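Letter by letter, the sequence shown follows residues -18 to 242 in our numbering.
Each residue gets a CB set at the ideal place from its N, CA and C atoms; glycine is no exception.
These figures come from a predicted structure and were not determined experimentally.
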Amino acid sequence: MTTPTQSNSTKVGSSNTDKFLRFNVGGQKFEVSKLLIEQNKDTMLARMVSETWKNKDDDEMKIDRNGEHFPHILNYLRYGQVHLPQTISKENFLLDLDYYGIQANRETVKYECYAAQAMELNKQISFLVHAYAGQMGELVDTQNTHTEQIAAHTQRIEDHLAAQMRHNIRITDLLEAQNDHHQRIEELMFAQNRNIGDLIDDQKRESRSEDQMKILNQKFEKLLDKLDEHNKHMKNIANEGSLTRFKERETVLLKDFYAHK
């Protein structure tokens, strides 16, 4: 027998030589082996296909029930037990079994064991976890590399700033030295100007001294001329022997002397 599937036209039978009957259950169409139905004569499905219920094998038999349950109904007829998926309510399935006239033991209706699926799912999850861990490791390595690059770049910036600060300090020292040099130059220029002023004053004083010497020389020459003149007069007075005139001339001589001093 083939496993029944849910499709627009699903064959469910025991062999390729079986005659198939068509069912429309809740809008879903199935083709079921007539032999399977005949092997379960006490069911409603067997009565539907009997001569009493059906005269023509080609007609489609419609059943107003849940089409999702029908493949599992057929499996129960085949094996006397069934494993339902988690999506089907066990109580609703038991109601359908009763509707189809199938005597069922609740213990024979079980849910599918998902251990294998769970193991496979766990494998997939484990694979995904390992893949994710690998990707995270790569991301962490990349992040570490970026962090190291950022740290190196930051260090270069700090070194550049430190070098710039040292350069600024050197510039400040040079400016201070230049200011000191300018100050010394100003002091030297001030001293030079003062020396030049002193020299100019000395030169002026020397000029004045020279002028005074010229004046004194002129006075002295005049005084010598006067003395010569007085000497002549004194000789004449001495020849005359007049003491009064000698004293008078001496007074004039002293007056001229003090006048030219």
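Member of the options whose CA lies at the smallest distance from the CA of residue i
i	options	result
valine 6	Ser31, Phe51, Ile106 and Gln130	Phe51
valine 13	Arg3, Met170 and Glu19	Arg3
tyrosine 60	Arg189, Asn21 and Pro66	Asn21
glutamine 67	Gln84, Asp79, Arg186 and Glu49	Glu49
aspartate 45	Gln130, Lys236, Gln116 and Gly8	Gly8
glutamate 93	Ile83, Gln84, Leu109 and Lys71	Lys71
Rounded distance between the beta-carbons of residue j and residue i, thought under 8 Å
i	j	result
tyrosine 81	methionine 42	Actually they do not touch by this definition, with Cβ atoms about 12 Å apart.
asparagine 47	aspartate 77	6 Å
valine 121	valine 90	Rounded, the Cβ-Cβ distance is 52 Å, inconsistent with contact.
Status (buried if at least 16 other CB within 10 Å, exposed otherwise) for residue i
i	result
phenylalanine 74	buried
alanine 143	exposed
histidine 141	exposed
tyrosine 57	buried
lysine 54	Lysine is not the amino acid found at residue 54; the sequence shown has isoleucine there. Buried, since its Cβ has 16 or more Cβ neighbours within 10 Å.
leucine 155	exposed
phenylalanine 171	exposed
phenylalanine 11	buried
Cβ of residue i within 8 Å of any chain D Cβ
i	result
arginine 165	In the structure shown, chain D cannot be found, because there is only a single protein chain.
Length of the line joining the Cα atoms of residue i and residue j
i	j	result
phenylalanine 1	lysine 15	5 Å
aspartate 179	arginine 147	47 Å
phenylalanine 201	isoleucine 218	25 Å
lysine 163	histidine 134	Rather than lysine, the amino acid found at residue 163 in this sequence is histidine. If I take the Cα positions, the gap works out to 43 Å.
aspartate 192	glutamine 199	11 Å
asparagine 212	glutamine 184	41 Å
aspartate 182	leucine 169	19 Å
methionine 194	threonine 232	27 Å
glutamine 130	glutamine 124	10 Å
Jot down the residue ranges of each uninterrupted beta strand (DSSP E) in the region 84 to 155, minimum 3 residues, whole runs only, in chain order.
Counting whole runs of 3 or more residues, the region 84 to 155 contains the beta strand (DSSP E) stretches 90 to 92.
Counting only runs of 4+ residues fully inside the region 44 to 90, write out the alpha helix (DSSP H) ranges in chain order.
The region 44 to 90 is shown to contain whole alpha helix (DSSP H) runs of 4 or more residues at 51 to 60 and 71 to 80, in chain order.
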